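S.K.:
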Amino acid sequence: MSSKFSDVFPPTLPLKSPPPTRNDVHQGFRTPQYLLGWVIRLSEATALFNNGPRRRNTISHVASMILSQRWPEVQSKYPALEALSAPTSILWDYPYVIVYLCSNNFPKKMKSVLENEDEAIQAAMEVIGFFIGEGGRIEMASAE
1 MSSKFSDVFP PTLPLKSPPP TRNDVHQGFR TPQYLLGWVI RLSEATALFN NGPRRRNTIS
61 HVASMILSQR WPEVQSKYPA LEALSAPTSI LWDYPYVIVY LCSNNFPKKM KSVLENEDEA
121 IQAAMEVIGF FIGEGGRIEM ASAE
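Here the sequence shown stands for residues 1 to 144, where the numbers follow this note's numbering.
#1: Take M1 and list the residues in its own chain whose beta-carbon comes closer than 6 Å to its own, dropping the five residues that flank it on each side.
#2: I need the straight-line Cα distance from L154 to A141, nearest angstrom please.
#3: Looking at A124 and V97, is the spacing between their C-beta atoms short of 8 Å?
#4: Would you kindly check if the distance between the Cβ of I59 and the Cβ of A47 is under 8 Å?
#5: Pull up the DSSP beta-bridge partners for I90, would you.
#6: Residues in its own chain within less than 6 Å of L67 by CB, not counting five upstream and five downstream?
#7: Assuming N104 and T12 are in contact, meaning their beta carbons sit under 8 Å apart, how far apart are those beta carbons, in whole angstroms?
#8: Can you list, in chain order, the residues of its chain with a C-beta nearer than 8 Å to that of M110? Leave out the 5 residues immediately preceding and following it.
#9: What does a CB cutoff of less than 7 Å around L114 pick up in its chain, not counting 5 residues either side in sequence?
#10: Taking buried to mean at least 16 other C-beta atoms within 10 Å of its own C-beta, is Q27 buried or exposed?
#11: Give the secondary structure of F131 by DSSP, where H, G and I count as helix, E and B as strand, and everything else as coil.
#12: Buried or exposed for E144, going by 16 or more other Cβ atoms inside 10 Å?
#13: According to DSSP, is S43 part of a helix, a strand, or is it coil?
#14: For S17, which three-state DSSP category applies?
#15: Taking the alpha carbon of S43 as the reference point, which residue from I132, Y94, P14 has its own alpha carbon closest?
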């Protein structure tokens, strides 16, 4: 029975279903890159990262720099995350920034994140400036 790529590798996966390592062949297809993170509108990223530049080509750099600066303080609250590096960001082809904690490019890091998923996700949300609001919705903290 032949499978379609999109059936084997859907655009998103449940947290409890980590993907194979990127480029590994799985069910006849090369595994694409998956990221564990958040897609943030450019306007929201600008507000979250200290009203940084509004230009699309610089906000990702500023976001990664600010995430790295904020990480040690947030990470110190979570001893299980001692070896984990700060979330980082990349631009996407749309007016969004992706802030992610790990990818399937680095299976050891992904395994570490998933072993401590509650703490890792909470710490990443704090460093980004998110919190869980009413009804369990993710919300942005007020601008600093």
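Every residue, glycine too, gets a C-beta built ideally from N, C-alpha and C.
None of the values given here were measured: they were computed from a predicted structure.
M.R.: In short:
#1: One-based indexing of the sequence shown puts residue 1 at position 1. The predicted model places M1 with a pLDDT of 46, which falls under 50 and marks its position as unreliable; any figure quoted below should be read in that light. Excluding residues within five positions, none has a Cβ falling inside 6 Å.
#2: The structure shown does not extend to residue 154, since the chain is modelled only from 1 to 144, so the question has no answer here.
#3: Walking along the sequence shown from the start, residue 97 turns up at place 97. Walking along the sequence shown from the start, residue 124 turns up at place 124. Going by C-beta atoms, V97 is not nearer than 8 Å to A124.
#4: The residue you call residue 47 lines up with position 47 of the sequence shown. The residue you call residue 59 lines up with position 59 of the sequence shown. When the beta-carbon positions are compared, A47 and I59 stay at least 8 Å from each other.
#5: Taking the first residue of the sequence shown as position 1, residue 90 is located at position 90. Note: I90 sits in a beta bridge opposite I98.
#6: Here residue 67 refers to the residue found at position 67 of the sequence shown. The residues are A86, P87, V127.
#7: Taking the sequence shown and counting its residues from 1, the one referred to as residue 104 is at position 104. Taking the sequence shown and counting its residues from 1, the one referred to as residue 12 is at position 12. 13 Å between Cβ atoms; not a contact.
#8: Within the sequence shown, residue 110 is the residue found at index 110, counting from 1. Closer than 8 Å at Cβ, skipping near neighbours: P18, L36, C102, S103, N104.
#9: For the purposes of this step, residue 114 is taken as residue 114 along the sequence shown, with counting starting at 1. Excluding sequence positions up to five before and after L114, its CB lies within less than 7 Å of the CB of P18, all in the same chain and listed in chain order.
#10: Taking the sequence shown and counting its residues from 1, one reaches residue 27 at position 27. Q27 is exposed by the Cβ-count criterion.
#11: Translated into the one-based positions of the sequence shown, residue 131 becomes position 131. Reduced to three states, the DSSP call for F131 is strand.
#12: Translated into positions along the sequence shown, residue 144 becomes position 144. Model confidence at E144 stands at a pLDDT of 47, short of 50, so the residue's coordinates are unreliable and nothing is read from them.
#13: Taking the first residue of the sequence shown as position 1, residue 43 is located at position 43. Three-state result, S43: helix.
#14: Mapped onto the sequence shown, residue 17 falls at position 17. In the structure shown, S17 sits in coil (DSSP, three-state: anything other than H, G, I, E or B).
#15: Counting from 1 along the sequence shown, the entry for residue 43 is found at position 43. The option with the nearest alpha carbon to S43 is Y94.
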